[in-house]
Amino acid sequence: MAPYTNMPDDVKKMAEDTEAAITEGKLFPFKCPIMGQDGKEVECKGGTHLDDGQVLGMNFYVKGIDDRSPWR
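Using our numbering, you'd call the opening residue of the sequence shown number 135 and step up by one each time.
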């Protein structure tokens, strides 16, 4: 992650806490149930969240995420 410079102390602490949670394997931003763009539930091999392999190989869009670039 980038160095935590030129930011308010509260933002720096939040970034450090987030980094620690990622390092410790406690942060799971893709918690289930997760619905794909087709409206079907995505299998959660991690039980309550997508596992690392699913996140790295994600070949679906999460429902509600707009994949269109505003710069087109």
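All C-beta atoms, glycine included, are put in the ideal place defined by N, C-alpha and C.
Since this is a predicted model, take the numbers as computed values, not measurements.
*Counting pairs of Cβ atoms below 8 Å between the region 147-158 and the region 176-187, do you hit three or more?*
no
*Do you know how far the Cα of residue 193 is from the Cα of residue 172?*
12 Å
*Tell me whether the beta-carbon of residue 164 lies closer than 8 Å to the beta-carbon of residue 184.*
yes
*DSSP on residue 170, reduced to helix/strand/coil?*
strand
*Candidates 159, 195, 187: which alpha carbon is nearest residue 174's?*
195
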